[in-house]
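Data block below; observations after.
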């Protein structure tokens, strides 16, 4: 839930493998030589210049809030400072951001998109990115594997698909049991300390370290669960809270979210992409057919063909990625599911890959797969004196499975029944199950800090919840379900396809978020925001895909910039930015 920005299409995050903490990405004026290990952690917020125009700190917090004797953790924080004086009445304090996952670095997200955050939200806030427990630059890390070689041995069959072969589901359950055993044997105390309630409490600690009592927060996908958890645990400490791409928290803490809720709109999202292809015509959609049924049949036929006859990929030069690989059923379904996260930037590239694969060439389809990224384990270097972390399903499992208040371990028979129930919602459950419910089939460790609160409460300021009409991972129904428990909260629906409102381009949504954070203004109940993009329209900045006026204090300009940035993935399908 790149989860995302969403997990089912996120490349493996080799967080601590590549020369130590190199997950942070590009930003104008950034300093790539910044070394987090040189920062001294402190219970006070001690900010140090970093990445050029940002500030960084490592905040010391209890490893477990429920047991102060358990030790300490160090939360990595990056700040884009407001250019207003803290004495200025217009200064509104820190605004914390979580990009989802679980497992995506909030630090890296702010480092990468600091300028866009500032344009959209204005100068009133300090924009604060932080890495949740077990993620990125926060320590201690979750170290289940002793070396990249050992991790490569475990992850060799990834990505997995429950329908790849007759034994696939059994292998998924067996792998989950191994993962759970590794966690118990090698990282039990750390894994017990990464729960969502723990991180929600960290957010209050961070807010207070800035000298504020109430949280301002924007969280997407898994970040929506984190925000809702904070509101349930600390309803009187809510300042401004926006959650986007909503997880049903009731089911999450019962360990059933992915089995019951996540795929409700997945097939509808896919159907909307096929409909957009027909509407766009042959000049804009590479697999255009005269009806949606024919487009769907063409994609399904390719998937069926590849299931029976995978395509070999060989790059004799070895200069553009893997020297060789196999484009099989798992790869194609994984890419199809991933495309649904961001169809306005990825659908064109995916359909181009479909056409190429129909002709026997899997080059485009193979780009950006987890197979490619896992192969990095074979060549990455690491300091053997430091804990090694992969940052893939090891982190996701620790958070997702550890949050459940019930035992998530399953026999193969129980796993099969659960998987088959997911298939009734969408055939894409074949790729979704191994990275969600399947992870927890062998997991026994639970977080020590428990949810202490209710999702039916009156918060000190009402929440703004955002959902897309067709979200493949967090259906709009979830937003209404969660809003019903938070008194006075409002659901804003963005009429688009994709995971979270960030997958589309809507000035209406951006203005609503801006007004909420800066003025405390909620949109009217029932508001539906349209978008300024088409799934198979011309690239952003072209003649018709984006036609925004520069209104809303620069919001239109920054929204266009964001879409131009995201649309670059069209030229290299699979290389999606997170």
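Numbering (mature numbering (1 follows the signal peptide of the UniProt record, and there is no 0)), first residue to last: -24 to -1, 1 to 554.
We put the beta carbon where it would ideally sit given N, CA and C, even for glycine.
Values in this document were obtained by computation on a predicted structure and should not be read as measured data.
Using only alpha-carbon positions, find the residue among the options that is nearest to residue i.
i	options	result
residue 261	326, 368 and 379	326
residue 251	234, 236 and 269	269
residue 463	445, 440, 73 and 476	440
residue 153	369, 289, 140 and 415	415
residue 634	192, 430 and 418	Residue 634 lies beyond the residue range present for the chain, which begins at -24 and ends at 554; the question has no answer from this structure.
residue 103	112, 59, 63 and 39	59
residue 514	76, 197, 259 and 45	259
residue 421	391, 476 and 156	156
residue 84	10, 447 and 64	10
residue 70	27, 172, 443 and 190	190
residue 607	218, 38, 76 and 113	Because the chain in this structure spans residues -24 to 554, residue 607 falls outside the shown range and cannot be described.
When you compare the CB positions of residue i and residue j, do they come within less than 8 Å of one another, or not?
i	j	result
residue 174	residue 109	yes
residue 203	residue 215	no
residue 455	residue 467	yes
residue 98	residue 494	yes
residue 410	residue 138	yes
residue 271	residue 287	no
residue 35	residue 50	yes
residue 227	residue 402	no
residue 347	residue 308	no
residue 342	residue 289	yes
residue 159	residue 167	yes
residue 332	residue 339	yes
residue 458	residue 431	yes
residue 406	residue 249	no
residue 40	residue 66	no
residue 79	residue 111	yes
residue 206	residue 176	yes
residue 427	residue 209	yes
residue 245	residue 64	no
residue 404	residue 312	yes
Could you name the residues that DSSP lists as bridge partners for residue i?
i	result
residue 505	470
residue 567	Here the chain covers residues -24 to 554 and nothing more, so residue 567 does not appear.
residue 38	48
residue 74	195
residue 342	DSSP, once it has assigned bridges, lists no residue as partnering residue 342.
residue 106	53
residue 219	195 and 441
residue 314	Residue 314 pairs with nothing; no bridge assigned.
residue 300	290
residue 555	No information on residue 555 is available, as it lies outside the stretch -24 to 554 that the chain covers here.
residue 115	50
residue 264	In DSSP, residue 264 forms no bridge with anything.
residue 87	For residue 87, which the question treats as bridged, DSSP gives no partner whatsoever.
residue 358	Paired residue(s): none; residue 358 is not in a bridge.
residue 446	473
residue 254	Paired residue(s): none; residue 254 is not in a bridge.
residue 371	For residue 371, which the question treats as bridged, DSSP gives no partner whatsoever.
residue 214	191
Just verifying my parser: in three-state terms, what is the DSSP assignment at residue i?
i	result
residue 519	Note that residue 519 scores 36 on pLDDT, short of 50, meaning its location in the model is unreliable; the coordinates nonetheless yield the value given after this. Residue 519: coil per DSSP, three-state reduction.
residue -22	For residue -22, the predicted structure reports a pLDDT of 30, less than 50, and the residue's modelled location is therefore unreliable. A value from the coordinates is still provided. Residue -22 falls in the coil class under three-state DSSP.
residue 513	coil
residue 320	helix
residue 189	coil
residue 148	helix
residue 461	coil
residue 97	helix
residue 17	coil
residue 326	helix
residue 6	Residue placement at residue 6 is poorly supported in this model, since its pLDDT is 40, which falls under 50; the coordinates still yield a value, given next. Coil, per DSSP.
residue 431	coil
residue 130	helix
residue 234	helix
residue 493	helix
residue 524	Because the pLDDT of residue 524 is 25, which lies under 50, any placement of that residue in the model is unreliable, and the number read from its coordinates should be weighed accordingly. The answer is coil: DSSP assigns residue 524 none of H, G, I, E or B.
residue 364	coil
residue -11	With a pLDDT of 39 at residue -11, under the threshold of 50, the modelled position of that residue is not reliable, and no figure is offered here.
residue -3	Bear in mind that a pLDDT of 30 at residue -3, under 50, signals an unreliable position, so the number given afterwards is only what the model happens to contain. It is coil, neither helix nor strand.
residue 170	coil
residue 249	helix
residue 382	coil
residue 530	For residue 530, the predicted structure reports a pLDDT of 35, less than 50, and the residue's modelled location is therefore unreliable. The matter cannot be settled from this model.
Count Cβ pairs between the segment 85 to 95 and the segment 118 to 138 that sit closer than 8 Å; are there 3 or more? no
Contact between the segment 174 to 188 and the segment 148 to 164 is defined here as three or more beta-carbon pairs at a separation below 8 Å; is this criterion met? no
Cβ pair count under 8 Å reaching 3, the segment 224 to 236 against the segment 394 to 405: yes
Between the segment 362 to 377 and the segment 125 to 134, do three or more beta carbon pairs fall short of 8 Å? yes
At a cut of 8 Å, does the segment 380 to 390 reach the segment 341 to 357 through at least three beta carbon pairs? With a cut-off of 8 Å, the segment 341 to 357 and the segment 380 to 390 do not count as touching, because too few Cβ pairs lie within range.
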